[in-house]
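**Student:** Let me begin by handing over the structure; questions about it come next.
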Amino acid sequence: MTVMKTSMRNFFAHKGRMALSAVAVLLSVAFVCGTLVFTDTMNTTFDKLFAATSSDVTVSAKGASDTGETTSDNGKPPVVPAAVLGEVRKASGVKSAEGTVFSTSVTVVDADKDNLSPSSGAPTVVGSWNGNDARTMKITSGAAPKGSQQVMVDADTADKHHLKLGDEIGVISAVGTYTAKISGIATFTVTNPGAAIFYLDTKTAQQWLVGETGVYTNVNVTAASGVTDAQLKKNVAAELGGAYKVQTAKETADANQKDVGEFLNVMKYAMLGFAGIAFLVGIFLIINTFSMLVAQRTREIGLMRAIGSSRKQVNRSVLAEALLLGVFGSVLGVGAGVGLAVGLMKLMGMTGMNLSTDDLTVAWTTPVIGLVLGVVVTVLAAYLPARRAGKVSPMAALRDAGAPADARSSWIRALIGILLTGAGGCGLYVAATADQAKEGSLWLGLGVVLTLIGFVVVGPLLVGGVVRVLGAALLRMFGPVGRMAERNALRNPRRTGATGAALMIGLALVACLSVVGSSMVASATDQLDKTVGTDFIIQNDGGQLVTPQAVKAVKETPGLERVTEYKWTEADFTTPDGKKLKDTAITAADPTYATDVRVETVAGKLADAYRPDSMSVHEDFAKDHRIHLGSKISVAFKDGSTAGLTVRAITSSDVVIDQGAMYTSIATMAKYVKADKMPLDQLVFATAQEGRQDTAYKALKSALHDYPQYQVRDQTDYKQALKDQVGQLLNMIYGLLALAIIVAILGVVNTLALSVVERTREIGLMRAIGLSRRQLRRMIRMESVVIALFGALLGLGLGMGWGATAQKLLALQGLTVLEIPWPTITGVFIGSAFVGLFAALVPAFRAGRMNVLNAIATE
Amino acid sequence: MTSAVTIPRHGGTGGRTAVAARARQVVKAYGSGETRVVALDHVDVDIARGQFTAIMGPSGSGKSTLMHCLAGLDTVTSGQIHLDDTEITGLKDKKLTQLRRDRIGFIFQAFNLLPTLNALENITLPMDIAGRKPDKGWLDRVVETVGLSERLKHRPTQLSGGQQQRVAVARALAARPEIIFGDEPTGNLDSRAGAEVLGFLRRSVDELGQTIVMVTHDPVAASYADRVLYLADGRIVDEMYKPTADAVLDRMKDFDARGRTS
């Protein structure tokens, strides 16, 4: 009991010194809880949404997806004949049934041909206004659409694009381009997941989206009272026979939920991963805090031991303090986590998804996980310092503070650290030279973890050398103040090492990712230069297919020498070794593709793959299935018949563009797939006539002005787009890593603040003999900068090593060019110096305010 | 050895007076109202140049406070303090810091040295901070005088208590301050080491013309001074010239007895 009492007293007596540790625990726990609450809330929202939007039973074509999303390769939604509606109505237990037509393979533009699709990647949906949707949408102005001149739009889209009644809207589908005027605006009565929704009347929807009347994409069936959905499904299915897909509301909702859930899970675990990194960094902060508290309290602990406290009691009293800190930080963290989730929901609101705080879901497991994690991590981190406290001898009460360093332990530390780093280095080497990507990535992971731990362990021993070098380079010019800053950073290598290591972790990841990212861009650019012989690439960035009208517009553009269409589909392969490979990707293009992209082959010529009934496979595939030139592969096309294709080229796997693609000609594919089932183009390549690149580029752009969903890019733009894309992804990851870096910065602040307290007398002495406040502050700032740069140097070095290894490994997949992004690396290094300056702001200010007389005051 | 008159000095304002520092009607009070404690109660004092002055008095008499105020480490509630002809009361921190750095030397009872710097670096620290180059000849002489030539590269933890205090004395002397303040500089030393340090202080006054003010409660230490000031309850109650240890002790006993009976 007394143990608890002294712990409580110590905890509250030093609450200022614990504050930053508590913030570190708080931040990490808040991130974990925020992630959990946010994803749970998203799940709740979608559950409600899907439950609300599905009709009791839905009938759709066999080829339709379970989620009811109506897209297909040929740009038209899969449909059922209108007669199905009549048959459904005959089934028992049906209260009512209604046929609807929907498509998501559409683009909607305003009068200026500006795309109205959500930029967030949420779908654009055009469909028939129907009774089922009327349950979740309320017409708030105007009226429902009637006839081929009217369209109704959802209120959120209308708001975002300032659309009002009477405005003209264009609908671009695989069938054609149509215009209509806004007749009404409908508001969601449930959460709007961010989609843009447009309604037509049924007949218009049929004509515009499918190109024929007398078909529906879905038949929505409502059950008579007392009939369960399952019963209704059975009845309807019995009536229709097995020709159609029949799903209950729950099945549709589940399928939707599964889709969303998978995405949310990926997001959840990614975010938890970053929270984990923040926790790891926080551990260093906590270790440092307790080490410093124990060191400062050495005499006190010695006294406790002298008057009869056992080691265990001392040990426990420190752990009890950690427990208090953990509980305190975690409880606040759980609360902050809920706040963070609400903030994220507001942020989502800005991208168009209006999440209601009514749906805020805090599962009972969330606070439990947050608390347990926070407390366990804190107590574990405090374990080593607590053990050191237990080892304090009763004699310490009589000695002056400042125990001599344990030479033996640092020798063991060096050995362990070097062994770990060495083992990690071997792992990285094996990864770099691996010829199997899968095996190599295992080694890479192992190497990364081992070198990281190795660096953390050996870090304090590197402090001496690195800080001296940094000091010589940077601090000496500041004279005695710089020298004292250097000495201060050197005086407790373990503390400097741990503080720097915390920063090292985040920066190592930043460096690694930036190396991989820029190598990716450099490799792709390099390959584009080497292999791509075409001038322009036309595609939709969201993966939407290119409609025939757009392709026509491209082909009619003046100044072009050739246009290559490029399609993509899946087929079931049967290889010569007897293996059946379901849903294997195959690429169909015009023969000119072989000129547009000079794909390297290991056997044969790619151009030959475009001969009738021919194809190419890639190197790895050929190896796996013992395929050589002349082998025959049976290819069963989706929605088509089976072809026997002869392999006439084997392409190298060592590429970035179109890696692993297998090619055949569009003509070959057309022999086996009916014209109306042919997939739309995924990409279109266009090549200008010699010397007319500039005019052709302009002409192409204006030709596609009416199709804002497609981007036309020449090679320069394409490279830039690639770079932007990679940059965007990196920025997102950097953003998430910011949490870990913030915790690390808190660690620097913490170390400095505690050091200043520890050196009160020293600071007083220096002030007494004439050190000005400004010099004192500069000294502390410089110590901080040195610590930060120490961490940055180690982190950047380690990260670049990881990145280079990853590049060597990924060279197997075409990442052949290693590019170190020096501007980024240098920027991070210089930025770290500023981080150091920033971290020292408060500690330096407080040191400057300290009373000079403290030095002279004898205890 | 040079005489006091020929020693080149740094700082100061040329027209030197016989008084190195003077306090007029200095009051130092803490708190207010009922809890008001007066540490210095209208103190007037002149510190003679080139002399060794000791300030004595029982605990709580205000002797340390007086020294802190004279040295510009602490502020006064009212009254004036002049260092040479510079009034230091009312100076801002920046000016005070400069003054301490350039014109005053300090020797404290304990924790005189920065543990991260070696002996030589500690000695030259005030000049380093000021960005001044130490006068090599002078520095050598000071180091030699305090007998530290062999230990200049040692860190404070590698020195004995007496050696550490000698480094502190050397530091105080090296910058050639107008005045050196010592706060029980021998309080932590055994009598032999203490005598050694006090001997240096005495010699620096006699041979180098240094002005020294030292707070102490040790009659033996006080006997090294030219003049002893006695403080009680924040007031100067007595003084003694050319003190001996016995005389000081007798006087202290006197005060003690009076203190008990009153």
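For the record, the sequence lines run as chains A and B.
If you're matching positions, the first sequence starts at 632 in my numbering and goes up one per residue.
If you're matching positions, the second sequence starts at 374 in my numbering and goes up one per residue.
The beta-carbon is built from N, C-alpha and C at its ideal position, and this holds for glycine as well.
(1) Ignore the nearest five residues each way along the sequence and tell me which others in Val877 of chain A's own chain have a CB closer than 6 Å to its CB.
(2) Select from the region 1092 to 1109 of chain A all residues with a C-beta closer than 7 Å to any C-beta belonging to chain B, and list them in chain order.
(3) Entirely within the region 1122 to 1180 of chain A and at least 3 residues each: give me those beta strand (DSSP E) ranges in chain order.
(4) At 8 Å on the CB atoms, spell out the chain A contacts of Thr470 of chain B, in chain order.
(5) Along the chain, where does the alpha helix (DSSP H) that runs through Thr672 of chain A open and close?
(6) Expressed to the nearest angstrom, what Euclidean distance is found between the alpha-carbon atoms of Arg382 of chain B and Pro1025 of chain A?
(7) With DSSP as the reference, identify every bridge partner of Ala817 of chain A, one or two as the case may be.
(8) Just checking: is the beta-carbon of Phe484 of chain B within a distance shorter than 8 Å of some beta-carbon in chain A?
(9) Is Glu460 of chain B helix, strand or coil when you go by DSSP?
(10) Give, in chain order, every unbroken run of the alpha helix (DSSP H) that is at least 4 residues long and sits entirely within the region 697 to 752 of chain A.
(11) Any chance the region 1323 to 1336 of chain A sits against the region 1176 to 1196 of chain A, with 3 or more Cβ pairs inside 8 Å?
(12) In or out: Ile828 of chain A buried (at least 16 other Cβ within 10 Å) or exposed?
(13) Using the beta-carbon count (16 or more within 10 Å), is Thr617 of chain B buried or exposed?
(14) Take Val1380 of chain A and list the residues in its own chain whose beta-carbon comes closer than 7 Å to its own, dropping the five residues that flank it on each side.
(15) Quick one: list the residues of chain B neighbouring Val1483 of chain A, beta-carbon separation under 7 Å, in chain order.
(16) Does the Cβ-Cβ distance between Ser814 of chain A and Gln781 of chain A come in under 8 Å?
(17) Mind checking if Glu1393 of chain A is an interface residue toward chain B, Cβ cutoff 8 Å exclusive?
(18) Determine the direct distance from the alpha carbon of Leu1077 of chain A to that of Ser1150 of chain A, and round the result to whole angstroms.
(19) Whose C-alpha, out of A:Glu1389, A:Gly1426 and A:Gly1131, is nearest the C-alpha of Ile1376 of chain A?
(20) If I measure Cβ to Cβ from Ala1116 of chain A and keep anything under 7 Å in the same chain, skipping five residues before and after, which residues do I get?
(21) Short of 6 Å in beta carbon distance, which residues of its chain neighbour Ala722 of chain A, apart from the five on each side in sequence? Order them along the chain.
(22) Mind pulling the chain B residues with CB within less than 8 Å of Met1115 of chain A?
(23) Which residues does DSSP pair with Val1343 of chain A in a beta bridge?
(24) Please determine, among A:Ala775, A:Ser1296 and A:Val969, the residue with the shortest C-alpha to C-alpha distance to Thr670 of chain A.
(25) With contact counted as at least three CB pairs below 8 Å, one residue from each stretch, are the region 1421 to 1432 of chain A and the region 523 to 531 of chain B in contact?
(26) With a cut-off of 8 Å on the beta carbons, I'd call Leu1237 of chain A and Ser1247 of chain A a contact; round off their distance for me.
(27) Could you compute how far the alpha carbon of Glu612 of chain B sits from the alpha carbon of Ile461 of chain B?
(28) Could you spell out where the alpha helix (DSSP H) holding Tyr597 of chain B opens and where it closes?
(29) With 7 Å as the limit, tell me which residues of the region 414 to 448 of chain B have their beta carbon closer than that to any beta carbon of chain A; keep them in chain order.
(30) Taking DSSP as the reference, what is the three-state secondary structure of Tyr1197 of chain A?
(31) Output needed for Leu796 of chain A: all residues of its chain with C-beta closer than 6 Å, excluding positions within five of it in sequence on either side, in chain order.
(32) Which residues mark the beginning and the end of the alpha helix (DSSP H) in which Asn896 of chain A is found?
(33) Would Asn1381 of chain A pass as an interface residue toward chain B - the criterion being a Cβ-Cβ separation below 8 Å?
(34) Given a cut-off of 8 Å on the beta-carbon distance, is the pair Arg395 of chain B and Ala402 of chain B in contact?
(35) Who are the neighbours of Arg474 of chain B on chain A, taking C-beta pairs under 9 Å?
(36) Using CA atoms only, rank isn't needed, just tell me which of A:Met979, A:Thr1282, A:Thr833 and A:Val668 is closest to Gly778 of chain A.
**Tutor:** A quick look at the data gives this:
(1) The count along the first sequence starts at 1 and reaches residue 877 of chain A at position 246. Taken in chain order, the residues that qualify are Val690, Lys864, Val867 and Ala868.
(2) none
(3) 1167 to 1170
(4) For the purposes of this step, residue 470 of chain B is taken as the residue at position 97 of the second sequence. Near Thr470 of chain B (Cβ distances below 8 Å), the residues of chain A are Arg1398, Gly1401, Leu1402, Ser1403 and Arg1404.
(5) For this step, residue 672 of chain A is matched to residue 41 along the first sequence. Here the alpha helix (DSSP H) through Thr672 of chain A covers Lys646 to Thr684.
(6) The residue labelled residue 382 of chain B in the question sits at position 9 within the second sequence. The residue labelled residue 1025 of chain A in the question sits at position 394 within the first sequence. In this prediction, Arg382 of chain B has a pLDDT of 41, which is less than 50 and means its spatial position is unreliable; what the coordinates show is noted afterwards. C-alpha separation (whole angstroms): 51 Å.
(7) In the first sequence, counting from the first residue as 1, residue 817 of chain A sits at position 186. A:Ile770 and A:Asp785.
(8) Residue numbering aside, residue 484 of chain B sits at position 111 when the second sequence is read from its first letter. It does; some Cβ of chain A falls within 8 Å.
(9) Sequence index remark: in the second sequence, residue 460 of chain B carries index 87 (1-based). It is a strand residue.
(10) 714 to 721
(11) yes
(12) Start at 1 with the first residue of the first sequence, and residue 828 of chain A comes out as number 197. Classification of Ile828 of chain A: buried, given that the 10 Å Cβ count is 16 or more.
(13) The residue given as residue 617 of chain B occupies position 244 in the second sequence. Looking at its Cβ environment, which holds fewer than 16 other Cβ atoms inside 10 Å, Thr617 of chain B is exposed.
(14) Numbered from 1 along the first sequence, position 749 holds the residue referred to as residue 1380 of chain A. Closer than 7 Å at Cβ, skipping near neighbours: Leu651, Ala1470, Val1473 and Pro1474.
(15) Stepping through the first sequence from its first residue, residue 1483 of chain A is reached at position 852. Ordered by position in chain B, the residues that pass the 7 Å Cβ test against Val1483 of chain A are Leu446.
(16) Here residue 814 of chain A refers to the residue found at position 183 when the first sequence is read from its first residue. Here residue 781 of chain A refers to the residue found at position 150 when the first sequence is read from its first residue. Against a cut-off of 8 Å, the Cβ pair of Gln781 of chain A and Ser814 of chain A comes out as a contact.
(17) Here the question's residue 1393 of chain A lines up with position 762 in the first sequence. So, interface residue.
(18) Here residue 1150 of chain A refers to the residue found at position 519 when the first sequence is read from its first residue. Here residue 1077 of chain A refers to the residue found at position 446 when the first sequence is read from its first residue. Answer to the nearest angstrom: the Cα atoms are 22 Å apart.
(19) Taking the first residue of the first sequence as position 1, residue 1376 of chain A is located at position 745. Residue A:Gly1131 is the option with its Cα nearest to Ile1376 of chain A.
(20) The residue labelled residue 1116 of chain A in the question sits at position 485 within the first sequence. Leu1106, Met1410, Met1413, Glu1414 and Val1417.
(21) As a position in the first sequence, residue 722 of chain A is number 91, starting the count at 1. Here the set comprises Asn866, Val867 and Glu870.
(22) On the first sequence, residue 1115 of chain A is found 484 positions in, with the first residue counted as 1. Going along chain B in sequence order, the residues near Met1115 of chain A (Cβ under 8 Å) are Leu487, Thr489 and Leu490.
(23) The residue you call residue 1343 of chain A lines up with position 712 of the first sequence. According to DSSP, which records beta bridges pairwise, Val1343 of chain A is partnered with A:Ile1169.
(24) Working through the first sequence from its first residue, we reach residue 670 of chain A at position 39. Closest option to Thr670 of chain A, Cα to Cα, is A:Val969.
(25) no
(26) The residue given as residue 1237 of chain A occupies position 606 in the first sequence. The residue given as residue 1247 of chain A occupies position 616 in the first sequence. Rounded, the Cβ-Cβ distance is 6 Å, consistent with contact.
(27) Looking up residue 612 of chain B in the second sequence gives position 239. Looking up residue 461 of chain B in the second sequence gives position 88. In a straight line, the C-alpha of Glu612 of chain B is about 25 Å away from that of Ile461 of chain B.
(28) Taking the first residue of the second sequence as 1, we reach residue 597 of chain B at position 224. Here Tyr597 of chain B belongs to no alpha helix (DSSP H), and DSSP marks it neither H nor E.
(29) His441, Leu446 and Asp447
(30) Here residue 1197 of chain A refers to the residue found at position 566 when the first sequence is read from its first residue. Tyr1197 of chain A: strand per DSSP, three-state reduction.
(31) Along the first sequence, read from residue 1 onward, the residue named residue 796 of chain A stands at position 165. Excluding positions up to five away in sequence, the list reads Gly773 and Ile813.
(32) Here residue 896 of chain A refers to the residue found at position 265 of the first sequence. Ala880 to Gln927 is the span of the alpha helix (DSSP H), which, as asked, contains Asn896 of chain A.
(33) Taking the first residue of the first sequence as position 1, residue 1381 of chain A is located at position 750. It does not: the Cβ of Asn1381 of chain A has no partner Cβ on chain B nearer than 8 Å.
(34) Translated into the one-based positions of the second sequence, residue 395 of chain B becomes position 22. Translated into the one-based positions of the second sequence, residue 402 of chain B becomes position 29. Not in contact: Arg395 of chain B and Ala402 of chain B (Cβ atoms no closer than 8 Å).
(35) Position 101 of the second sequence, counted from the start, is the residue given in the question as residue 474 of chain B. Neighbours of Arg474 of chain B on chain A, chain order: Ile1400, Gly1401, Leu1402 and Ser1403.
(36) Taking the first residue of the first sequence as 1, we reach residue 778 of chain A at position 147. Comparing Cα positions, the closest option is A:Thr833.
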